[in-house]
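First residue of the sequence shown? That's 1470 in the numbering used here, and the numbers climb one at a time after it.
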Amino acid sequence: MSVPRFADFERILFFTGAGLSAESGIPTYRGKGGVWSEYDYEDYACQRAFDRDPDKVWDFHDKRRGAVGKCEPNDGHRIIAEVQKSKKGASVVTQNIDGLHQRSGATDVVELHGSLWRVRCDRDGLVRDDASVPMSPRKHDCGAYWRPDIVWFEDSLDERVLERAHRLLAACDLLVSVGTSGVVYPAADLPRIAMRNGAVSVEINLDDTPVSALYQHQLRGTASDLLRAMSL
Ligand code: NAD
1470 MSVPRFADFE RILFFTGAGL SAESGIPTYR GKGGVWSEYD YEDYACQRAF
1520 DRDPDKVWDF HDKRRGAVGK CEPNDGHRII AEVQKSKKGA SVVTQNIDGL
1570 HQRSGATDVV ELHGSLWRVR CDRDGLVRDD ASVPMSPRKH DCGAYWRPDI
1620 VWFEDSLDER VLERAHRLLA ACDLLVSVGT SGVVYPAADL PRIAMRNGAV
1670 SVEINLDDTP VSALYQHQLR GTASDLLRAM SL
């Protein structure tokens, strides 16, 4: 297995998914123990559910905040943050909503699917950081509920966030996909932008994914072990 080294590149883009945070104890999306094998998203993670019963949706998200808040960034997050510190052109585009990149010291993280630690007024769209557990008060001064600033099922991605991700992907010389199954769209299409623009591409995952064949280097193992190997 040939392992590209961070030292040979400058504009490194990390495209990360739930597998990166698995070693921190946060369940991935798919598979055994995955959040959506236990809960039906139609009851807890879509605007329709929130419109029907905002308190039920908040109870669920408070539980997730409580669980994720107890988890710490792992070596994978830390290595990514160190690379970003040492390379001016390195960036992070994540599908994760857990905030662990930022807690490990990464900056300017592009959060494609929003954040568990931000809330948005369901009426006027005002956004603010909020790390309270349970989130309180649940209503904005205007009388409407705050909702988690997360891209739920059936929501669209924020156009400005998507544009930033496009720009960074088009400019990178090394694309490192870490712990993503590559099946959640439109996020799963983004790595192709880097590939089309000539970036060297690396996929880090425990297993093959439906998009593995697109990558020049397919590294199999845990995110932290393989990111460490690329740092040597
Ligand atoms: P996914 O669950 O669909 O896929 C996770 C991938 O990570 C799998 O391919 C798995 O083989 C791999 N993996 C698991 N453990 C790993 C490890 N230790 N090292 C390397 N790879 C490992 O996740 P996804 O592709 O990110 O899509 C899930 C969606 O759900 C995203 O939209 C995301 O927003 C959301 N989600 C986020 C979190 C989080 O914020 N931590 C957690 C669960 C789901």
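Heads up, the beta-carbon is just placed ideally off N, CA and C, and yes, glycines get one too.
Q. Terminal residues of the continuous beta strand (DSSP E) containing residue 1597?
A. Residue numbering aside, residue 1597 sits at position 128 when the sequence shown is read from its first letter. First-last of the beta strand (DSSP E) with residue 1597: 1596-1598.
Q) At a cut of 8 Å, does the segment 1671-1690 reach the segment 1629-1648 through at least three beta carbon pairs? A) yes
Q: Check whether the Cβ atoms of residue 1701 and residue 1547 sit closer than 8 Å, and answer yes or no.
A: On the sequence shown, position 232 is the one that residue 1701 refers to. On the sequence shown, position 78 is the one that residue 1547 refers to. Contact flag unset, no.
Q. Do you know how far the Cα of residue 1559 is from the Cα of residue 1552?
A. Against the sequence shown, residue 1552 aligns to sequence position 83. Against the sequence shown, residue 1559 aligns to sequence position 90. For residue 1552 and residue 1559, the distance between alpha carbons rounds to 7 Å.
Q: Count the other C-beta atoms from every protein chain shown that fall within 10 angstroms of the C-beta of residue 1497, then say buried if there are 16 or more, exposed otherwise.
A: What you label residue 1497 is simply residue 28 of the sequence shown in a count that begins at 1. Answer is buried; the Cβ neighbour count reaches 16.
Q) Going by the beta-carbon positions, is the gap between residue 1721 and residue 1630 smaller than 8 Å? A) The structure shown does not extend to residue 1721, since the chain is modelled only from 1470 through 1701, so no value can be given for it.
Q | DSSP-derived helix/strand/coil call for residue 1652 | A | What you label residue 1652 is simply residue 183 of the sequence shown in a count that begins at 1. Residue 1652 falls in the coil class under three-state DSSP.
Q. Is it the case that the CB of residue 1652 approaches a heavy atom of the ligand NAD more closely than 7 Å?
A. Position 183 of the sequence shown, counted from the start, is the residue given in the question as residue 1652. Under cutoff, so the answer is yes.
**Q.** In DSSP terms, what residue 1608 is bridged to
**A.** If you number the sequence shown from 1, residue 1608 lands on position 139. 1614, per the DSSP bridge assignment.
Q) Would the beta-carbon of residue 1675 be found less than 7 Å away from any heavy atom of the ligand NAD? A) On the sequence shown, position 206 is the one that residue 1675 refers to. Answer for residue 1675: yes, Cβ within range of the ligand NAD.
(Q) Under 8 Å, Cβ to Cβ, is there at least one residue of chain B near residue 1668? (A) As a matter of chain content, chain B is missing from the structure shown, which is built from one protein chain.
Q | Sequence-distant residues of its chain with Cβ nearer than 6 Å to residue 1512 (five each side left out) | A | Along the sequence shown, read from residue 1 onward, the residue named residue 1512 stands at position 43. Correct list, in chain order: 1518.
Q. Mind pulling the beta strand (DSSP E) runs of 3 or more residues that sit fully within the segment 1661-1700?
A. 1669-1674 and 1686-1689
(Q) In the DSSP assignment, the beta strand (DSSP E) including residue 1583 goes from what residue to what residue? (A) For the purposes of this step, residue 1583 is taken as the residue at position 114 of the sequence shown. Note, residue 1583: beta strand (DSSP E), 1583-1590.
Q | Close Cβ partners of residue 1685 (< 8 Å) along its chain, the five nearest in sequence each way excluded | A | The sequence position of residue 1685 within the sequence shown is 216, counting from 1. If we look at residue 1685 and ignore the five residues flanking it on each side, its Cβ neighbours are 1669, 1670 and 1671.
**Q.** Backbone secondary structure at residue 1493 - three-state DSSP
**A.** Along the sequence shown, one-based indexing puts residue 1493 at 24. Correct three-state label for residue 1493: coil.
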